[in-house]
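**Q** Numbering (the working numbering), first residue to last: 13 to 379.
Handing you a structure now.
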């Protein structure tokens, strides 16, 4: 009986030892897998790309919005209420200064010209007759003078009638391109009603507010660039033509006028222009945009720091400055030469181990 109990106890102990050995073996296998080929050093490390903080040039710029205007622009209108008898231009046509655009009904003016010419002819005949008589001594000199005065008066009346007739033809005040129109022969036009528009777009003007603190830094003739939504990031180069003599008391800014050459008329009046005025360059620490993450009003990066079991990612708050050409200016928080995580910040946990990949190393310096 004692032998039987002894064998049962020995079998139970042996079975327990086998179970414990199996558990230890499984745990060891899991730890080996987690450790990877390099052992425990890289266990659970997130592979990341690396960027190095480096010096990079940044431009000091004033960025403002303005609206494009033609060098000369006008709405063509009439000063009287009258019927249009002829339209002498086509939509979008380029016209020269003084070219007739529309002709208004002018029956009374035409009749007045006919009457004035008849009066001139009559006055001319009387003058000729009295001059011949005065030359022979038959007519007194005073009669000749009266006839001469009458002739000059008749000629002045003819010129006035012709001027009134000329007012019935509306002409282009300067060379430019006309816009769309809805008037046709027979349209009754009223004073102030727009017949068409006329724009000289050989040069484009853009007025924009210039903060008073920059008045001492910028002068007429300074170079600037502008972009328009219609052409993406394509820059248009111009210059500051004039700065207003007054500063607005409310906005504390003076109005500056920029001029841009416009060959081909690509910039059209009314376009919104984003104007950038260069003030020079400075050297600052910079990192790629992908290395900076923003949270509220602050920004941070992950600095790669050495640890007991390899490299770790340390979250560091930074003061970000200008953003230019894919790089962010760093004013404080990290130093030139620091190694940071270049991308994939949303997958990083502060203090977590990281493994820097062999590819994707970036530098904040311009290459």
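We treat Cβ as the ideally placed atom computed from N, Cα and C, and that holds for glycine.
#1: In the DSSP output, what is residue 283 paired with across the bridge?
#2: Residues in its own chain within less than 8 Å of residue 202 by CB, not counting five upstream and five downstream?
#3: By the DSSP assignment, the alpha helix (DSSP H) with residue 177 in it spans what residues?
#4: Among 318, 322, 295, which one has its Cα closest to the Cα of residue 340?
#5: Which residue marks the beginning of the beta strand (DSSP E) containing residue 58, and which one marks its end?
#6: Given that a residue counts as buried once 16 or more other Cβ atoms are within 10 Å of its Cβ, and exposed if not, what is residue 154?
#7: To which residues does DSSP link residue 323 through a beta bridge?
#8: Do residue 121 and residue 176 have their CB atoms nearer than 8 Å?
#9: Residue 71: buried (16+ other C-beta within 10 angstroms of its C-beta) or exposed?
#10: Do residue 314 and residue 325 have their beta-carbon atoms positioned less than 8 Å apart in this structure?
#11: In the DSSP assignment, the beta strand (DSSP E) including residue 142 goes from what residue to what residue?
#12: Please state whether DSSP places residue 109 in a helix, a strand or coil.
#13: Quick check for students: name the residue ranges of the beta strand (DSSP E) that lie wholly in the segment 64-94, counting only runs of 3 or more.
#14: What's the C-alpha gap between residue 58 and residue 316?
#15: Residues in the same chain with beta-carbon distance under 6 Å from residue 259, minus the five sequence neighbours each way, listed in chain order, please.
#16: Might you give, ordered along the chain, the residues of its own chain that have their beta carbon closer than 6 Å to the beta carbon of residue 145, omitting 5 neighbours on each side?
#17: Please state whether the Cβ-Cβ distance between residue 303 and residue 355 is less than 8 Å.
#18: What residue does the beta strand (DSSP E) around residue 309 start on, and which one ends it?
#19: Report the CB separation of residue 139 from residue 159 in whole angstroms; it is logged as a contact under 8 Å.
#20: Out of 171, 163, 106, 285, which has the shortest C-alpha to C-alpha gap to residue 246?
#21: My assumption, with CB atoms under 8 Å, is that residue 218 sits in contact with residue 63. Please give the rounded CB distance.
#22: Compare the Cα-Cα distances from residue 320 to each of 365, 347, 352 and report the closest residue.
#23: Are the beta-carbon atoms of residue 61 and residue 211 separated by less than 8 Å?
#24: When you compare only the Cα positions, how much space is there between residue 116 and residue 95?
#25: Pick from 301, 289, 243, 137: whose alpha carbon is nearest that of residue 77?
**A** From the atom records:
#1: In the chain shown, the residue the question calls residue 283 occupies position 271. Residue 283 is not bridged by DSSP to any residue.
#2: Reading the chain shown from its first residue, position 190 is the one you call residue 202. The beta carbon of residue 202 sits closer than 8 Å to the beta carbons of 90, 93 from its chain, once the five residues preceding and following it are set aside; these are given in chain order.
#3: Within the chain shown, residue 177 is the residue found at index 165, counting from 1. It spans 153-178 - the alpha helix (DSSP H) in which residue 177 sits, taken as one unbroken run.
#4: Indexing the chain shown from 1 puts residue 340 at position 328. Comparing alpha-carbon positions, the option among 318, 322, 295 lying closest to residue 340 turns out to be 295.
#5: Position 46 of the chain shown, counted from the first residue, corresponds to residue 58. That run of the beta strand (DSSP E) goes 58-60.
#6: The residue you call residue 154 lines up with position 142 of the chain shown. Classification of residue 154: exposed, given that the 10 Å Cβ count is below 16.
#7: The sequence position of residue 323 within the chain shown is 311, counting from 1. Assignment of beta-bridge partners to residue 323 by DSSP yields 318.
#8: As a working note, residue 121 is residue 109 in the chain shown. As a working note, residue 176 is residue 164 in the chain shown. Taking 8 Å as the Cβ cut-off, residue 121 and residue 176 qualify as a contacting pair.
#9: Within the chain shown, residue 71 is the residue found at index 59, counting from 1. Residue 71 comes out exposed.
#10: In the chain shown, counting from the first residue as 1, residue 325 sits at position 313. In the chain shown, counting from the first residue as 1, residue 314 sits at position 302. Residue 314 is positioned such that its CB atom lies closer than 8 Å to that of residue 325.
#11: Here residue 142 refers to the residue found at position 130 when the chain shown is read from its first residue. Unbroken run through residue 142 is the alpha helix (DSSP H), 119-148; no beta strand (DSSP E).
#12: The count along the chain shown starts at 1 and reaches residue 109 at position 97. Coil at residue 109, not helix or strand.
#13: DSSP runs (the beta strand (DSSP E)) wholly in the segment 64-94: 66-89.
#14: Numbered from its first residue, the chain shown carries residue 58 at position 46. Numbered from its first residue, the chain shown carries residue 316 at position 304. Here the C-alpha atom of residue 58 lies approximately 12 Å from the C-alpha atom of residue 316.
#15: Within the chain shown, numbered from 1, the residue matching residue 259 stands at position 247. 224, 266, listed in sequence order.
#16: As a position in the chain shown, residue 145 is number 133, starting the count at 1. Closer than 6 Å at the Cβ level, and outside the excluded window around residue 145, lie 151.
#17: Against the chain shown, residue 303 aligns to sequence position 291. Against the chain shown, residue 355 aligns to sequence position 343. Yes, these two residues count as a Cβ contact at 8 Å.
#18: The residue you call residue 309 lines up with position 297 of the chain shown. Per DSSP, residue 309 belongs to no beta strand (DSSP E) and is neither H nor E.
#19: As a first step, residue 139 is located in the chain shown; it is residue number 127 there, counting from the start. As a first step, residue 159 is located in the chain shown; it is residue number 147 there, counting from the start. Cβ-Cβ separation between residue 139 and residue 159: approximately 4 Å, consistent with a contact (criterion under 8 Å).
#20: Taking the chain shown and counting its residues from 1, the one referred to as residue 246 is at position 234. Out of 171, 163, 106, 285, 285 has the C-alpha closest to the C-alpha of residue 246.
#21: On the chain shown, residue 218 is found 206 positions in, with the first residue counted as 1. On the chain shown, residue 63 is found 51 positions in, with the first residue counted as 1. Contact flag wrong, Cβ pair sits at about 38 Å.
#22: The sequence position of residue 320 within the chain shown is 308, counting from 1. Among 365, 347, 352, the Cα nearest to that of residue 320 belongs to 365.
#23: Position 49 of the chain shown holds residue 61. Position 199 of the chain shown holds residue 211. No, Cβ-Cβ distance for residue 61 and residue 211 is not below 8 Å.
#24: Counted from its first residue, the chain shown places residue 116 at position 104. Counted from its first residue, the chain shown places residue 95 at position 83. Approximately 6 Å between the Cα atoms of the pair.
#25: Taking the first residue of the chain shown as position 1, residue 77 is located at position 65. Of 301, 289, 243, 137, the residue nearest in Cα terms is 289.
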